[in-house]
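The block underneath contains the structure these notes are about, expressed in structure tokens.
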Amino acid sequence: MDSIAHYQRHDLVWLADEAWLAVLQSFGAPDLLRQWQQEEWPAVVTRRHPDAADDEVCIGFPLPPVSGNKPRFAAKVKAEHIAIHQSALSLHTVIAVVPHAWQAGLQSLHQQALMAGIKLRVYGSVAMQFLTGQDYLSATSDIDILFRPYHRAQLRAGLALLQEQQQTLPIDGEIVFPGEAAVAWKEWIQPAHPGQDFNQQRVMVKDMHGVSLRTRQSLLDLLAEGELPC
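Each residue of the sequence shown is one higher than the one before, starting from 781 at the first, in the working numbering.
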């Protein structure tokens, strides 16, 4: 069993029978969740609730969109009742299930990221369509990318790649800094307010415990100085 500290937002978990029993009882066993159990689809790790016990993991079941709405069941399960735990899916894993018009661009993004020593992951609608085979993607869907830089050169290179591919792909997502401090990459690149230093401007940061405002500099300080591989 993984320790609670090893569970991060957007991770995937497959539940053991004990967890499913608790989840179904808490919601009155709706058909949609029964199908989820029968198909052995994973839940998604979410931010911790204030009332979660020390041995509980907070999870969500993001159901397929209905008439523009995105229904979701949220639950808490004991870590010992999680059968499988893994990180969010790698980008290259899901390319085959996205619309054909996106595939070449995503393949290019994946290859360029590999050359820069960057591993990109996906979450959201693209990931759920791959995992369940259900209809999550539409003409207005985004491609939610997770990008974890470990030094500043990786951050610069990764942002450059995302901005380049944004010209032809509906890319969204987060930069995840060491310590699991996540910032929307589109917010990160927004110009500073007049008269304000770019690195001293505060951005919204999400982690396992909540949402806060922090300066870009405080997040840059979490990264090592480093160069990209040749």
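Think of the CB as a built atom: it goes at the ideal place given N, C-alpha and C, for glycine as much as any other residue.
Less than 7 angstroms between the C-beta atoms of residue 954 and residue 788, yes or no?
no
Backbone CA spacing between residue 1005 and residue 893 [nearest angstrom]
19 angstroms
**Request:** Examine the Cβ distances between the segment 971-979 and the segment 939-958 and report whether three or more of them are shorter than 8 angstroms.
**Result:** No, the segment 971-979 is not in contact with the segment 939-958.
- Item | Per-residue burial, residue 791 [other beta carbons within 10 Å of its own, 16 or more giving buried] | buried
TODO: Under 7 angstroms Cβ to Cβ from residue 1010, same chain only, skipping five residues before and after it: list those, please.
DONE: Note that residue 1010 scores 36 on pLDDT, short of 50, meaning its location in the model is unreliable; the coordinates nonetheless yield the value given after this. Once the five neighbours on either side are set aside, residue 1010 has no close Cβ partner at all.
Spatial distance of residue 882 from residue 933 (CA atoms) = 27 angstroms
Exercise for review: Please go through the segment 782-811 and give each complete beta strand (DSSP E) segment of 3 or more residues, from N-terminal end onward.
Suggested key: As far as the segment 782-811 is concerned, its whole beta strand (DSSP E) runs of at least 3 residues are 792-795.
With H, G and I counted as helix, E and B as strand and the rest as coil, what does DSSP make of residue 850?
coil
### Status (buried if at least 16 other CB within 10 Å, exposed otherwise) for residue 815
Classification for residue 815: exposed.
Give the secondary structure of residue 973 by DSSP, where H, G and I count as helix, E and B as strand, and everything else as coil.
coil
Since residue 999 and residue 963 are thought to touch, with beta carbons under 8 angstroms apart, how far apart are those beta carbons, to the nearest angstrom?
7 angstroms
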